[in-house]
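Accompanying notes for the structure given below.
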Amino acid sequence: MTLTYDDLPAELNLAAHFVDRHVAEGRGERTALIADDGPCTYAELAARVNRIGNVLRDAGVRREERVMLALADSVAFVASWYAVQKIGAVTAEVYTFLPAKDYAYYLSYTRAGVVVADAETLERVREAAASSPWLRLVLVSGVPAQELRDGEASLDALAAAAPDELEAARTSRDEIALWKFTTGSTGAPKACVHPHAAPLLSSSAYAQGVLGMRADDVVLAVPKLFFGYARDLVALYPFGVGAAGIVFPQRTTAERIFELVAEHRPTILVNVPTMMRTMVEHPEAGAQDLSCLRLCTSAGEALPAELHERWLQTFGVEVLDGIGSSEAYHIYISNRPGRVRAGTVGEVVPGYRARVVDEGGAELPDGETGRLWVEGETAAMMYWNARPQSLDTYAGRTVMSGDLFERSADGYYTYRGRADDLLKVGGIWVAPTEVEQCLLAHPHVADCAVVAYQDGGLDKLRAFVVTTAGAAADGAALREHVKGTLSPHKAPRDVRFLDELPKTGSGKVDRRALRAG
-4 MTLTYDDLPA
6 ELNLAAHFVD
16 RHVAEGRGER
26 TALIADDGPC
36 TYAELAARVN
46 RIGNVLRDAG
56 VRREERVMLA
66 LADSVAFVAS
76 WYAVQKIGAV
86 TAEVYTFLPA
96 KDYAYYLSYT
106 RAGVVVADAE
116 TLERVREAAA
126 SSPWLRLVLV
136 SGVPAQELRD
146 GEASLDALAA
156 AAPDELEAAR
166 TSRDEIALWK
176 FTTGSTGAPK
186 ACVHPHAAPL
196 LSSSAYAQGV
206 LGMRADDVVL
216 AVPKLFFGYA
226 RDLVALYPFG
236 VGAAGIVFPQ
246 RTTAERIFEL
256 VAEHRPTILV
266 NVPTMMRTMV
276 EHPEAGAQDL
286 SCLRLCTSAG
296 EALPAELHER
306 WLQTFGVEVL
316 DGIGSSEAYH
326 IYISNRPGRV
336 RAGTVGEVVP
346 GYRARVVDEG
356 GAELPDGETG
366 RLWVEGETAA
376 MMYWNARPQS
386 LDTYAGRTVM
396 SGDLFERSAD
406 GYYTYRGRAD
416 DLLKVGGIWV
426 APTEVEQCLL
436 AHPHVADCAV
446 VAYQDGGLDK
456 LRAFVVTTAG
466 AAADGAALRE
476 HVKGTLSPHK
486 APRDVRFLDE
496 LPKTGSGKVD
506 RRALRAG
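Dropping the structure here:
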């Protein structure tokens, strides 16, 4: 049965529910996380959460204060994340490989007084800290204390000396627990503000209601943990049922994923289409044994039907493509095991309601394309410090997304692009996603993105294409392919070839970079 808001206790703390509960109920020796240096049990994780929580309290972190996490994927990341929430503060995690100017943006936006960093991020955090009047302390993991400067302290040394007992703050289900950032692919990232209730409701609806997550599952994610899609599926949803997640600090490559699958034999692989294509096209793809996987999830960007089919032919692992958002916490439409329909994002997740609407908010008939509105109890409270955008996006429990969808008569949803990406070419609306899907069906196209450019004051389509190995860079042939498949006005006027498409930290195509180029 899917939990509802009314099923939750009024007093709720995420760390107490997802970590401490397992120790209290006798599951402390079960593995919670698998890291490069070995497994970490629930009891070990709980003790580490408590020590870091005590360090944060001693550092003056107040209830409801934001703490910024700039950490590589590790047990330290997960323990710090839960420690912040256990003391009633608010997590705001950022990508490990950002430049200093982006860390400066996040410091200014969050007004964090404490940042938790590591050897990977420290130098860039230092550079960013110079412009922050609010930052008072950087806690650093994995760097010797003697190498730290004024305003910095060793998290490891302080945690080692701290008590491993800590009473959870008596937070309510409505109290703010975490910020989930939008990806920033079309503008500066904004924080979607979520209470303690949202992760628990999402875990029940999606992880258990769709994925059927169970205690013997081991979850490996392609995206890094700063991305809520990955963090929830590695270090939150498994903890809802006493399962385990795999964490690794290195950049994600196909080779590293193959190594981790071979070493740890996970049961669920959390993926994105870009990496799925890389894995399928890897020279050693045919030699990989992915039979341990009972399913693979895909989200973050559209999964082309042809890639879905190639994945199945290569690895034989069922893919549950879905769509979610920081605004609605996580996945709200997904394919289900045993009834996947390639090219769609599946059916509505239990506990949610979805509608395809016109510009006035009236529901459209099946088969027509319109904006997707999603209603559910995990809708964010707001965008932080962005009142106009909040009013444009949230209406009570409804998220009025900018995603365009078409619903079939039997309840499957097909992604048709972003409303703000729609272009009027020759007086007719064109969805770039439709053109991209057409190009991807050409045997010489490995990856592509379509954006607009101005020509004499008019919008025209420009395609950026990555060709398959050995294929000729023939823009005219690709234009003719589109003309022969779609309406001629949808063919891109300009085709440019790249070795690879620029990506955001969450793995999506960076369309701003393409437009700027």
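Under this note's numbering, the residue at position 511 of the sequence shown is numbered 506, and the numbers go up by one with no gaps. All C-beta atoms in this analysis are idealised placements derived from N, C-alpha and C, irrespective of residue type, glycine included.
- For residue 448, the enclosing beta strand (DSSP E) starts and ends at 440 to 450.
- Remark: C-beta atoms of residue 105 and residue 65 do not approach each other more closely than 9 Å.
- For residue 82, the secondary structure class from DSSP, reduced to helix, strand or coil, is coil.
- Distance from residue 341 to residue 317 at the Cβ level is roughly 6 Å; contact confirmed, criterion being Cβ atoms closer than 8 Å.
- Taking 4 residues as the shortest admissible run, the stretch 55 to 137 contains the following complete alpha helix (DSSP H) segments, listed from N- to C-terminal end: 70 to 81, 95 to 105 and 117 to 124.
- Residues 73 and 240 of the same chain have their beta carbon placed closer than 6 Å to that of residue 230, with the five preceding and five following residues left out of the count.
- Excluding residues up to 5 positions away in sequence, 102, 107, 108, 110 and 124 lie with their Cβ nearer than 7 Å to the Cβ of residue 130 in the same chain.
- In this structure the stretch 451 to 469 lies against the stretch 482 to 493, because at least three pairs of beta carbons, one per stretch, are closer than 8 Å.
- When DSSP states are grouped into helix, strand and coil, residue 317 belongs to the strand group.
- According to DSSP, residue 293 shares a beta bridge with 266 and 316.
- Taking the CA atoms as reference points, residue 392 sits about 43 Å from residue 280.
- Judged by DSSP in its simplified three-state form, residue 345 adopts coil rather than helix or strand.
- Residues of the same chain with a CB within less than 6 Å of the CB of residue 199, apart from the 5 flanking positions on each side, are -3 and -2 in chain order.
- Nearest neighbour of residue 194 by Cα position, chosen from 42, 394, 3 and 472, turns out to be 3.
- Distance from the Cα of residue 352 is smallest, within the candidate group 89, 156 and 414, for 414.
- Counting of Cβ neighbours within 10 angstroms places residue 386 among the exposed residues, the total staying below 16.
- Shown here, residue 378 sits in a strand according to DSSP, grouped into three states.
- Residue pairing for residue 189: DSSP places it in a beta bridge opposite 173.
- Taking every protein chain shown into account, the CB of residue 80 has 16 or more other CB atoms within 10 angstroms, so this residue is buried.
- For residue 37, there is no enclosing beta strand (DSSP E); the residue is part of the alpha helix (DSSP H) that begins and ends at 37 to 53.
- For the pair of segments examined, the stretch 323 to 332 was found not to touch the stretch 295 to 312: the number of CB pairs separated by less than 8 Å stays below three.
- DSSP, read as helix, strand or coil, puts residue 388 in helix.
- Here the alpha carbons of residue 291 and residue 313 stand approximately 6 Å from one another.
- Between the beta-carbon of residue 369 and that of residue 297 there is about 17 Å, and that puts the pair past the 8 Å contact cut.
- Collapsing the DSSP output to three states places residue 398 in a strand.
- In this structure, the beta-carbon distance from residue 46 to residue 157 falls below 9 Å.
- For residue 507, the enclosing alpha helix (DSSP H) covers residues 506 to 511.
- Here residue 364 carries a strand assignment [DSSP, helix/strand/coil].
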